[in-house]
Ligand code: KG4
Ligand code: ZN
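Structure representation (structure tokens):
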């Protein structure tokens, strides 16, 4: 089929993003990908403030779209369709993006596709490497944690996921209670290099429960308790304690993810895929200890391990445009009744 050029729009959390992607399903190129992070706006509040996020999206969506078109070297007349995140996410941001897409679609007559943010993440390996269906995906970010078998552009089989916190959220909370800065993931990874991952035997929750579900809130509590014991015993936290707590926590997250990955790989391989591939996406995929563990377990199962470039793993609009290209081959566009949804299963 003829190559399509899509404008993608993403505004579901704290990144305002627009991108232009061109190609056919499984063979796509990002011509541009603009991401305006709001980290600085939320920094003082210790988390994303929905009202501030919504206002920032409303103010920046137009300039991000103009920048994405400019960087791609085309105008709206060179676009075949618009893909926009319609959920799940913070509703003020999602509404801003959907309204923008509807306005553009009404003004230009271009077809519009509402894309599930999670489908965008899950289909990223199609954009980065043209990975063949079905592949196994572990989505690990600040807000999400789930194992999916991706059968097609709109067919996702959920094998399991977290029953409480997402791993990135746990990294951020543990960083806070160790007195480290945000985002917590990179801070914990850095300090862990100086720490002993075996000093604290933190739990690997649900390890013996069948299936692929995970839990991280008990782990966070265990770190808190160990920290308080040290503070009480020695009147403060030494630098080495901090590093050992971080390293032991990180090892526990890795072991939990690796253990459940083994289960997910078993399920996936029972489908006898031609070119078995295990992909990760989401910000936590940046962690080299976790990535190393996932790579090793993939090798043990004889499965190719793939981590797309980080810029495509964290929130961006290229993945939304790519999901649009994948989905327009199998379904009709959405109309003006498209709604923005805070919750939206795959
Ligand atoms: O995918 P992402 O950019 O945003 C969403 O959550 O949607 O992921 C951000 C999360 C944060 O919680 C951050 O602490 C975590 O990913 N993260 C990491 C690392 N880099 C980012 N976690 C562990 N190790 C890292 N190196
Ligand atoms: Zn995301």
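Numbering (the UniProt record's numbering), first residue to last: 2 to 347. Ideal placement from N, C-alpha and C gives every residue a C-beta, glycine not left out. Everything numeric in this text was worked out from a predicted model, so none of it was measured.
Spatial distance of residue i from residue j (CA atoms)
i           : j           : result
residue 248 : residue 193 : 4 Å
residue 178 : residue 68  : 39 Å
residue 60  : residue 202 : 47 Å
residue 255 : residue 168 : 10 Å
residue 252 : residue 31  : 35 Å
residue 356 : residue 86  : Here the chain covers residues 2 to 347 and nothing more, so residue 356 does not appear.
residue 1   : residue 19  : Past the boundaries of the shown model lies residue 1; the chain is included only from 2 to 347, so the question cannot be answered.
residue 276 : residue 45  : 47 Å
residue 156 : residue 300 : 26 Å
residue 56  : residue 93  : 8 Å
residue 170 : residue 258 : 15 Å
residue 207 : residue 166 : 14 Å
residue 26  : residue 261 : 30 Å
residue 174 : residue 335 : 39 Å
residue 223 : residue 238 : 16 Å
residue 66  : residue 39  : 16 Å
residue 236 : residue 227 : 13 Å
residue 4   : residue 33  : 16 Å
residue 233 : residue 215 : 31 Å
residue 341 : residue 100 : 9 Å
residue 28  : residue 132 : 9 Å
residue 229 : residue 346 : 38 Å
residue 211 : residue 270 : 17 Å
residue 331 : residue 209 : 40 Å
residue 180 : residue 188 : 10 Å
residue 143 : residue 272 : 30 Å
residue 127 : residue 116 : 15 Å
residue 287 : residue 105 : 35 Å
residue 296 : residue 72  : 35 Å
residue 88  : residue 268 : 28 Å
CB contact flag (residue i, residue j, <9 Å)
i           : j           : result
residue 219 : residue 204 : yes
residue 313 : residue 137 : no
residue 81  : residue 6   : yes
residue 282 : residue 125 : yes
residue 140 : residue 150 : no
residue 291 : residue 263 : no
residue 12  : residue 79  : no
residue 145 : residue 122 : yes
residue 190 : residue 240 : no
residue 183 : residue 47  : yes
residue 129 : residue 274 : no
residue 9   : residue 318 : yes
residue 294 : residue 213 : no
residue 278 : residue 306 : yes
residue 103 : residue 337 : yes
residue 14  : residue 50  : no
residue 308 : residue 280 : yes
Nearest to residue i (by Cα), restricted to the options the options
i           : options               : result
residue 74  : 277, 310, 21 and 106  : 21
residue 111 : 160, 84, 91 and 95    : 84
residue 285 : 236, 316 and 242      : 316
residue 176 : 88, 303, 134 and 246  : 246
residue 225 : 210, 213, 212 and 242 : 242
residue 339 : 235, 42, 107 and 38   : 107
residue 326 : 14, 88, 120 and 43    : 120
residue 16  : 227, 33, 37 and 306   : 37
residue 172 : 200, 250 and 304      : 250
residue 343 : 236, 95 and 235       : 95
residue 200 : 212, 180, 231 and 213 : 231
residue 52  : 97, 102 and 181       : 97
residue 118 : 229, 142 and 321      : 321
residue 58  : 287, 163, 42 and 306  : 42
residue 221 : 209, 213, 185 and 212 : 185
residue 24  : 329, 333 and 158      : 329
residue 70  : 54, 104 and 35        : 35
residue 134 : 158, 333 and 102      : 158
For residue i, the first and last residue of its enclosing alpha helix (DSSP H)
i           : result
residue 41  : 40 to 43
residue 226 : 218 to 235
residue 173 : 168 to 178
residue 7   : Residue 7 -> not in any alpha helix (DSSP H); beta strand (DSSP E) instead, spanning 5 to 11.
Residue i, enclosing beta strand (DSSP E) - first and last residue
i           : result
residue 160 : 156 to 162
residue 16  : 16 to 25
residue 146 : 146 to 153
residue 190 : Element bounds for residue 190: not the beta strand (DSSP E) but the alpha helix (DSSP H), 185 to 193.
Residue i beta carbon near the ligand NAD (any heavy atom closer than 8 Å)
i           : result
residue 163 : The ligand content of the structure shown is limited to the ligand KG4 and the ligand ZN, which means the ligand NAD is not among them.
Of all the alpha helix (DSSP H) runs that stay within the bounds of the segment 110 to 139, which reach a length of 4 or more residues? 118 to 123 and 125 to 130
Considering only residues of the segment 246 to 287, which uninterrupted beta strand (DSSP E) runs meet the minimum length of 3 residues and lie entirely inside it, listed in chain order? 278 to 282
Only counting runs of 3 or more residues, tell me where the beta strand (DSSP E) segments fall wholly within the segment 289 to 336, in order along the chain. 305 to 307
Runs of beta strand (DSSP E) lying entirely within the segment 25 to 108, each at least 3 residues, in chain order: 28 to 38 and 82 to 88
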